[in-house]
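Chemist:
There are 2 protein chains.
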Amino acid sequence: MAMRKPPSRPTIAEIAKQSGVSAGAVSYALNGRPGVSDETRKRILEVAREVGWVPSTAARALRGGGTATLGLVITREPDVLGIEPFFMSFVAGIEKVISARGYALLLQVTPDPERELQTYREWWSARRVDGIFVTDLAIDDQRLPIVNEIGLPVVVVGDPEYSDGLPAVGSDDAAAANAAMERLAELGHKRVAHITGPERFVHTHVRSEAMARAGERLGIQVVAEVNTDYSVAAGTSACHQLLDAANPPTAMVFDNDLTALGAVRAATGRGVDVPGELSVLAWDDSPLCELTVPALSALSRDVSAYGADAATMLLNVVDGSTDVKSVRSSVARLVDRGTLGPAPR
Amino acid sequence: MAMRKPPSRPTIAEIAKQSGVSAGAVSYALNGRPGVSDETRKRILEVAREVGWVPSTAARALRGGGTATLGLVITREPDVLGIEPFFMSFVAGIEKVISARGYALLLQVTPDPERELQTYREWWSARRVDGIFVTDLAIDDQRLPIVNEIGLPVVVVGDPEYSDGLPAVGSDDAAAANAAMERLAELGHKRVAHITGPERFVHTHVRSEAMARAGERLGIQVVAEVNTDYSVAAGTSACHQLLDAANPPTAMVFDNDLTALGAVRAATGRGVDVPGELSVLAWDDSPLCELTVPALSALSRDVSAYGADAATMLLNVVDGSTDVKSVRSSVARLVDRGTLGPAPR
DNA sequence: TTCGTATGCTTAATCGATTGAGTAGTGACA
DNA sequence: TGTCACTACTCAATCGATTAAGCATACGAA
Numbered sequence: 002m003a004m005r006k007p008p009s010r011p012t013i014a015e016i017a018k019q020s021g022v023s024a025g026a027v028s029y030a031l032n033g034r035p036g037v038s039d040e041t042r043k044r045i046l047e048v049a050r051e052v053g054w055v056p057s058t059a060a061r062a063l064r065g066g067g068t069a070t071l072g073l074v075i076t077r078e079p080d081v082l083g084i085e086p087f088f089m090s091f092v093a094g095i096e097k098v099i100s101a102r103g104y105a106l107l108l109q110v111t112p113d114p115e116r117e118l119q120t121y122r123e124w125w126s127a128r129r130v131d132g133i134f135v136t137d138l139a140i141d142d143q144r145l146p147i148v149n150e151i152g153l154p155v156v157v158v159g160d161p162e163y164s165d166g167l168p169a170v171g172s173d174d175a176a177a178a179n180a181a182m183e184r185l186a187e188l189g190h191k192r193v194a195h196i197t198g199p200e201r202f203v204h205t206h207v208r209s210e211a212m213a214r215a216g217e218r219l220g221i222q223v224v225a226e227v228n229t230d231y232s233v234a235a236g237t238s239a240c241h242q243l244l245d246a247a248n249p250p251t252a253m254v255f256d257n258d259l260t261a262l263g264a265v266r267a268a269t270g271r272g273v274d275v276p277g278e279l280s281v282l283a284w285d286d287s288p289l290c291e292l293t294v295p296a297l298s299a300l301s302r303d304v305s306a307y308g309a310d311a312a313t314m315l316l317n318v319v320d321g322s323t324d325v326k327s328v329r330s331s332v333a334r335l336v337d338r339g340t341l342g343p344a345p346r
Numbered sequence: 002m003a004m005r006k007p008p009s010r011p012t013i014a015e016i017a018k019q020s021g022v023s024a025g026a027v028s029y030a031l032n033g034r035p036g037v038s039d040e041t042r043k044r045i046l047e048v049a050r051e052v053g054w055v056p057s058t059a060a061r062a063l064r065g066g067g068t069a070t071l072g073l074v075i076t077r078e079p080d081v082l083g084i085e086p087f088f089m090s091f092v093a094g095i096e097k098v099i100s101a102r103g104y105a106l107l108l109q110v111t112p113d114p115e116r117e118l119q120t121y122r123e124w125w126s127a128r129r130v131d132g133i134f135v136t137d138l139a140i141d142d143q144r145l146p147i148v149n150e151i152g153l154p155v156v157v158v159g160d161p162e163y164s165d166g167l168p169a170v171g172s173d174d175a176a177a178a179n180a181a182m183e184r185l186a187e188l189g190h191k192r193v194a195h196i197t198g199p200e201r202f203v204h205t206h207v208r209s210e211a212m213a214r215a216g217e218r219l220g221i222q223v224v225a226e227v228n229t230d231y232s233v234a235a236g237t238s239a240c241h242q243l244l245d246a247a248n249p250p251t252a253m254v255f256d257n258d259l260t261a262l263g264a265v266r267a268a269t270g271r272g273v274d275v276p277g278e279l280s281v282l283a284w285d286d287s288p289l290c291e292l293t294v295p296a297l298s299a300l301s302r303d304v305s306a307y308g309a310d311a312a313t314m315l316l317n318v319v320d321g322s323t324d325v326k327s328v329r330s331s332v333a334r335l336v337d338r339g340t341l342g343p344a345p346r
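Protein sequence lines correspond, in order, to chains Z and W.
Counting the first sequence from 1 gives a position; the numbering used here is that position plus 1.
Counting the second sequence from 1 gives a position; the numbering used here is that position plus 1.
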């Protein structure tokens with residue numbers, strides 16, 4: 002096989018030669034800085050376009066000018082990732098914003114938080130990324146002080162109250178809780194169970210608070226919080242446990258769609274009609290909710306837009322804006338598909 | 002606020018100073034090349050470990066030594082991505098292999114193939130990646146000759162027969178088809194419908210071929226191929242259409258889990274019992290299949306392992322191995338969950 | 001005419017790692 | 001003692017883009 006010469010990648014030196022000026026002049030021209038006449042600039046830009054010049058990220062990064070790359074580490078067991086629709090939508094939203102600005106996304110999947118931190122350190126030392134997204138915010142999150150110390154530009158995806166002063170995008174869980182509880186109140190429910198996720202997550206905590214407050218306000222008793230690991234099985238057993246109790250709730254709100262599905266199955270399986278005898282609501286929507294029978298009512302967020310907001314914010318941080326304001330961007334909307342009904346008497 | 006000095010990232014020069022040798026010597030030592038005494042090497046490595054040195058990818062890339070980055074472009078509408086469990090599992094599998102080798106994954110989501118190609122060009126010109134994965138292989142795929150011309154190391158994810166001579170990892174769809182049809186034959190089915198995906202995809206073509214051949218061998222009539230866009234709605238309408246025909250099939254094989262789900266719903270909805278009167282099988286498994294009632298029987302692949310194989314192969318290509326053999330790595334396993342039954346008479 | 005000074009460039013250094021070419025120093029051997 | 005071969009280094013150039021500093025040329029004003 003003949004050795005095929007790969008097409009040479011054009012550099013500014015090449016453009017300089019063809020334009021009859023120095024490399025420095027080309028750089029000024031390409032970056033829209035003063036120092037070249039309009040005529041020369043035009044000629045240089047024309048040549049650059051012709052040869053299809055693209056700046057070398059490597060050279061720019063070496064110069065200290067940034068890598069045009071943002072980083073996202075996902076800490077999950079690989080097997081679980083397939084089921085979680087969140088990240089793919091989130092990534093898609095990020096992409097929409099950053100690719101328009103010429104940024105790319107560096108993705109890493111790690112099995113544990115320790116290696117996640119290790120990755121941040123290496124990315125920073127090797128100048129691989131200009132900034133990172135930190136997701137899955139936990140109570141007293143160990144990652145925040147370290148990331149802060151490293152000095153890596155960051156946007157926290159989670160409640161701003163818990164972001165240790167770092168810029169954050171969160172979702173307005175209080176509003177979501179209100180919407181959910183108001184609907185349940187309208188339907189006459191007096192006893193509602195809230196089945197949450199792992200205790201360590203900030204949003205588990207925030208949601209519990211919000212639900213309790215909304216319950217107080219509306220005269221609804223929020224009973225028996227149960228922490229789950231978000232699995233279908235956990236939803237099933239939580240449902241059984243709650244229904245077996247002395248005074249079972251008439252509605253259940255699950256922090257996650259999988260657990261809600263498990264619950265619907267469990268209820269239906271033991272002859273409890275949904276939504277006739279039990280109303281079920283999933284916090285966080287997913288395509289799964291639409292596919293089951295009955296289709297799951299859910300608090301739905303635009304995850305893609307959420308990602309886009311996070312990306313916009315991180316780009317601002319990277320650009321050096323000093324006063325990037327944390328926001329609660331994502332607002333959940335109650336989508337009633339068929340598992341919400343009036344409280345049985 | 003006081004200006005916080007970011008911790009300086011250690012360079013080879015720093016190590017050289019602390020070790021009392023030149024930067025060149027440090028480089029030799031760190032890369033395990035001859036030119037330094039064992040004693041000096043040990044001292045240098047010790048210092049490097051102490052200061053936490055990490056090689057600058059930027060500098061290495063500039064030198065032409067590679068970027069330790071692989072690229073994956075996903076061409077999909079952002080909204081669809083959430084439902085597709087494939088990519089997340091695939092990415093997880095890739096990660097497992099490449100992160101162990103110090104490689105990272107650059108991810109881009111583009112809405113159309115044109116911008117996908119543009120991304121490849123830019124990545125190459127800017128030296129952002131050492132190699133790429135090309136997925137969603139199409140018949141007469143326009144991307145292959147162009148990627149080949151650019152000279153970008155590549156692994157095609159799809160049938161090797163159609164990879165234009167480029168190294169490829171595919172799945173053994175013929176074996177899967179045989180497994181499926183043999184089971185259906187055992188169950189006494191004589192008329193089976195095969196509902197495929199978009200015609201342009203290679204695997205649509207390959208699977209149709211395989212199904213036809215298996216049917217011939219086993220004396221099963223494969224009827225009425227219907228091309229769908231993989232949506233639930235398409236599955237629903239395909240099912241109705243097939244059941245309305247003069248001589249309806251007793252089993253349906255869907256190239257995709259969503260369409261299969263739509264079909265089960267459609268059948269159940271019109272009073273056709275699954276699997277009593279109609280057997281349904283999904284080609285390509287997903288968590289969705291386990292969550293519905295009845296749970297969908299499927300041809301299940303280990304997508305994560307598939308990604309791992311692709312990554313291993315791409316790393317070999319990047320390393321310059323000249324004879325990287327294409328393989329059909331992924332083997333589907335028939336998982337019977339409850340939508341397969343004996344043919345009604 | 002001569003001194004600013006503004007314009008439009010060129011030069012050279014820089015970022016961090018790599019590597020071919022050079023150079024001390026040591027020891028062996030004729 | 002001279003020289004050949006080695007070892008263990010150092011030196012300097014390189015990759016591509018950026019940018020401070022320098023340097024002609026032209027133009028206007030005194």
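Cβ atoms here follow ideal geometry from the backbone N, Cα and C, with glycine treated the same way.
Note that the structure is a prediction, hence the values are computed from the model and not measured.
(1) Using the Cβ count rule (16 or more neighbours within 10 Å means buried), how would you classify Z:Ser90?
(2) Return the first residue and the last residue of the alpha helix (DSSP H) that W:Thr58 is part of.
(3) Whole angstroms are fine: how far does the CA of W:Leu282 sit from the CA of W:Thr68?
(4) Quick check on the DSSP output: what are the complete beta strand (DSSP E) runs of length 3 or more inside the region 139-197 of chain Z, in order along the chain?
(5) Could you please tell me which residues of the region 190-211 of chain Z, in chain order, have their CB closer than 8 angstroms to any CB of chain W?
(6) Can you pull the chain Z neighbours of W:Gly94, defined as C-beta to C-beta under 7 angstroms?
(7) What are the start and end residues of each continuous alpha helix (DSSP H) run of 4 or more residues lying completely inside the region 203-252 of chain Z, in chain order?
(8) Output needed for W:Ser377: all residues of its chain with C-beta closer than 8 angstroms, excluding positions within five of it in sequence on either side, in chain order.
(9) On the DSSP bridge list, what partners appear for W:Leu73?
(10) The region 324-340 of chain W: which residues have C-beta closer than 7 angstroms to a C-beta of chain Z, in chain order?
(11) What is the C-beta distance between Z:Val325 and Z:Pro168, in whole angstroms, given that I count them as a contact (C-beta under 8 angstroms)?
(12) Please identify, using Cβ separations under 9 angstroms, the residues of the region 116-128 of chain Z that lie next to chain W, in order along the chain.
(13) Suppose contacts are defined by Cβ-Cβ distances below 9 angstroms. Is W:Gly94 in contact with W:Val318 by that definition?
(14) Apart from the five residues just before and just after W:Pro288, which ones in its own chain have a Cβ nearer than 7 angstroms to its Cβ?
(15) In angstroms, rounded to a whole number, what distance separates the CA positions of Z:Gly270 and Z:Leu243?
(16) Identify the residues that DSSP records as bridge partners of Z:Phe255: which are they?
(17) Let's see if you can read the secondary structure: which residues bound the beta strand (DSSP E) around W:Ala299?
(18) Run through DSSP, which three-state label would Z:Pro345 get?
(19) Please state whether DSSP places Z:Tyr307 in a helix, a strand or coil.
(20) Might you give, ordered along the chain, the residues of its own chain that have their beta carbon closer than 7 angstroms to the beta carbon of Z:Ser301, omitting 5 neighbours on each side?
(21) So with Cβ pairs under 9 angstroms, would you call Z:Phe87 a contact of chain W?
(22) Return the chain-ordered list of same chain residues with a C-beta closer than 6 angstroms to the C-beta of W:Gly103, the five sequence neighbours on each side being excluded.
(23) Measure the alpha-carbon distance for W:Glu200 versus W:Asp137 and round it to whole angstroms.
(24) Just how far apart, CA to CA, sit W:Arg338 and W:Ala60?
(25) In chain W, which residues lie with their C-beta within 7 angstroms of the C-beta of Z:Gly36?
(26) For Z:Ser23, count neighbouring Cβ atoms within 10 angstroms of its own Cβ and tell me buried if that reaches 16, exposed if not.
(27) What does the alpha-carbon distance come out to for the pair W:Gln19 and Z:Glu117?
(28) Are the CB atoms of W:Leu108 and Z:Val92 nearer to each other than 9 angstroms?
(29) Would you grab the beta carbon distance between Z:Val203 and Z:Ala139 for me? Rounded to a whole angstrom, and I think it's under 8 angstroms.
(30) I believe W:Val193 touches W:Gly216 by the beta-carbon criterion, under 8 angstroms. Please report the beta-carbon distance rounded to the nearest angstrom.
(31) Please confirm whether W:Ala76 and W:Val110 have their CB atoms less than 9 angstroms apart.
(32) Classify W:Gly72: buried if its beta carbon has 16 or more other beta carbons within 10 angstroms, exposed otherwise.
(33) With a cut-off of 9 angstroms, does the C-beta of Z:Trp284 fall near any C-beta of chain W?
(34) What residue range does the alpha helix (DSSP H) around W:Arg42 cover?
(35) Please report how far the alpha carbon of Z:Leu31 lies from the alpha carbon of Z:Ser330, in whole angstroms.
(36) Answer yes or no: does any C-beta atom of chain Z fall closer than 9 angstroms to that of W:Arg144?
Modeler: Put simply:
(1) Locating residue 90 of chain Z in the first sequence gives position 89, where the first residue counts as 1. Answer is buried; the Cβ neighbour count reaches 16.
(2) Locating residue 58 of chain W in the second sequence gives position 57, counting from the first residue. First-last of the alpha helix (DSSP H) with W:Thr58: 58-64.
(3) Looking up residue 68 of chain W in the second sequence gives position 67. Looking up residue 282 of chain W in the second sequence gives position 281. If you take the alpha carbons of W:Thr68 and W:Leu282, they lie about 44 angstroms apart.
(4) With a minimum length of 3 residues, the continuous beta strand (DSSP E) runs that stay inside the region 139-197 of chain Z are 155-158, 169-172, 192-197.
(5) Residues of the region 190-211 of chain Z whose Cβ lies closer than 8 angstroms to any Cβ of chain W: none.
(6) Within the second sequence, residue 94 of chain W is the residue found at index 93, counting from 1. Under the 7 angstroms cutoff, chain Z gives Pro79.
(7) Within the region 203-252 of chain Z, the complete alpha helix (DSSP H) runs of at least 4 residues are 203-219, 233-245.
(8) Only positions 2 to 346 of chain W appear in this structure, which leaves residue 377 of chain W out of reach.
(9) Residue numbering aside, residue 73 of chain W sits at position 72 when the second sequence is read from its first letter. W:Leu73 is bridged by DSSP to W:Leu108, W:Phe134.
(10) Listed by position, the residues of the region 324-340 of chain W near chain Z (Cβ gap below 7 angstroms) amount to none.
(11) One-based indexing of the first sequence puts residue 325 of chain Z at position 324. One-based indexing of the first sequence puts residue 168 of chain Z at position 167. Rounded, the Cβ-Cβ distance is 4 angstroms, consistent with contact.
(12) Going along the region 116-128 of chain Z in chain order, one finds Arg116, Thr120, Arg122, Glu123, Trp124, Trp125, Ser126, Ala127, Arg128 with a Cβ nearer than 9 angstroms to chain W.
(13) Residue mapping note: residue 94 of chain W aligns to position 93 of the second sequence, counting from 1. Residue mapping note: residue 318 of chain W aligns to position 317 of the second sequence, counting from 1. Cβ distance not < 9 angstroms, so W:Gly94 and W:Val318 don't count as in contact.
(14) Here residue 288 of chain W is taken as the residue at index 287 of the second sequence, counted from 1. Around W:Pro288: Pro86.
(15) Within the first sequence, numbered from 1, the residue matching residue 270 of chain Z stands at position 269. Within the first sequence, numbered from 1, the residue matching residue 243 of chain Z stands at position 242. Z:Gly270 and Z:Leu243: Cα-Cα distance of roughly 15 angstroms.
(16) Taking the first sequence and counting its residues from 1, the one referred to as residue 255 of chain Z is at position 254. Answer is Z:Ile196, Z:Ala283.
(17) The residue you call residue 299 of chain W lines up with position 298 of the second sequence. Start and end: 298-301.
(18) On the first sequence, residue 345 of chain Z is found 344 positions in, with the first residue counted as 1. In the three-state reduction of the DSSP assignment, Z:Pro345 falls in the coil class, being assigned neither a helical nor a strand state.
(19) Taking the first residue of the first sequence as position 1, residue 307 of chain Z is located at position 306. In the structure shown, Z:Tyr307 falls within a helical segment according to DSSP collapsed to helix, strand and coil.
(20) As a first step, residue 301 of chain Z must be located in the first sequence, where it is residue number 300. Correct list, in chain order: Asp286, Ala333, Arg334, Val336.
(21) Here residue 87 of chain Z refers to the residue found at position 86 when the first sequence is read from its first residue. With 9 angstroms as the cut-off, Z:Phe87 counts as an interface residue toward chain W.
(22) To locate residue 103 of chain W, count along the second sequence from 1; it is residue 102. For W:Gly103, same chain residues with a beta-carbon under 6 angstroms away, outside a window of 5 residues either side, are Ala69 in chain order.
(23) The residue given as residue 200 of chain W occupies position 199 in the second sequence. The residue given as residue 137 of chain W occupies position 136 in the second sequence. Going from the Cα of W:Glu200 to the Cα of W:Asp137 covers about 12 angstroms.
(24) Within the second sequence, the letter at position 337 stands for residue 338 of chain W. Within the second sequence, the letter at position 59 stands for residue 60 of chain W. Cα to Cα, W:Arg338 sits roughly 54 angstroms from W:Ala60.
(25) Taking the first sequence and counting its residues from 1, one reaches residue 36 of chain Z at position 35. Chain order gives no chain W residues near Z:Gly36, where near means a beta carbon separation below 7 angstroms; the closest approach is about 24 angstroms.
(26) Here residue 23 of chain Z refers to the residue found at position 22 when the first sequence is read from its first residue. By the 10 Å Cβ count, Z:Ser23 comes out exposed.
(27) For the purposes of this step, residue 19 of chain W is taken as residue 18 along the second sequence, with counting starting at 1. For the purposes of this step, residue 117 of chain Z is taken as residue 116 along the first sequence, with counting starting at 1. Computed Cα separation, rounded: 30 angstroms.
(28) Looking up residue 108 of chain W in the second sequence gives position 107. Looking up residue 92 of chain Z in the first sequence gives position 91. In contact: W:Leu108 and Z:Val92 (Cβ atoms closer than 9 angstroms).
(29) As a position in the first sequence, residue 203 of chain Z is number 202, starting the count at 1. As a position in the first sequence, residue 139 of chain Z is number 138, starting the count at 1. Going by Cβ atoms, the distance from Z:Val203 to Z:Ala139 rounds to 6 angstroms, so yes, they are a contact pair.
(30) As a working note, residue 193 of chain W is residue 192 in the second sequence. As a working note, residue 216 of chain W is residue 215 in the second sequence. Contact flag correct, Cβ pair sits at about 7 angstroms.
(31) Against the second sequence, residue 76 of chain W aligns to sequence position 75. Against the second sequence, residue 110 of chain W aligns to sequence position 109. Contrary to the premise, residue 76 of chain W reads as Thr rather than Ala in this sequence. Yes; because the gap between Cβ atoms is below 9 angstroms, this pair is in contact.
(32) By one-based count along the second sequence, residue 72 of chain W stands at place 71. Buried: at least 16 other Cβ atoms inside 10 Å.
(33) Numbered from its first residue, the first sequence carries residue 284 of chain Z at position 283. No, because no Cβ of chain W sits closer than 9 angstroms to the Cβ of Z:Trp284.
(34) Translated into the one-based positions of the second sequence, residue 42 of chain W becomes position 41. Where W:Arg42 is concerned, the enclosing alpha helix (DSSP H) starts and stops at 39-52.
(35) Numbered from 1 along the first sequence, position 30 holds the residue referred to as residue 31 of chain Z. Numbered from 1 along the first sequence, position 329 holds the residue referred to as residue 330 of chain Z. Cα to Cα, the separation comes out at about 36 angstroms.
(36) Here residue 144 of chain W corresponds to residue number 143 of the second sequence, with the count starting at 1. Not an interface residue.
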